[in-house]
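Working notes for the structure below.
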Amino acid sequence: MVIDRKKFAKAEQRQKVARKEALYILRVILFALILVGVGITAYYNLR
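All residue numbers for the sequence shown refer to this note's numbering, where the first residue is 11 and numbers rise by one.
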């Protein structure tokens with residue numbers, strides 16, 4: 011069974027890119043959640 015090296019490399023590259031995008035999205039979501047949490051606490055403290 012012969013695997014086409016170029017196809018394999020391309021697939022691997024795509025996986026790496028997808029992983030980077032997923033990490034970036036996770037980071038953005040975490041940042042947004044933290045901002046919302048801080049905003050809510052500040053809102054309740056100021057009231």
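By construction, the Cβ of each residue, glycine as well, lies at the ideal position given by its N, Cα and C atoms.
- When the Cα atoms are used, Ala19 and Leu36 turn out to be separated by approximately 26 Å.
- When rounded, the separation of the alpha-carbon atoms in Phe41 and Gly47 is 10 Å.
- Counted as a single uninterrupted DSSP element, the stretch harbouring Arg57 is not any alpha helix (DSSP H), since DSSP gives it neither H nor E.
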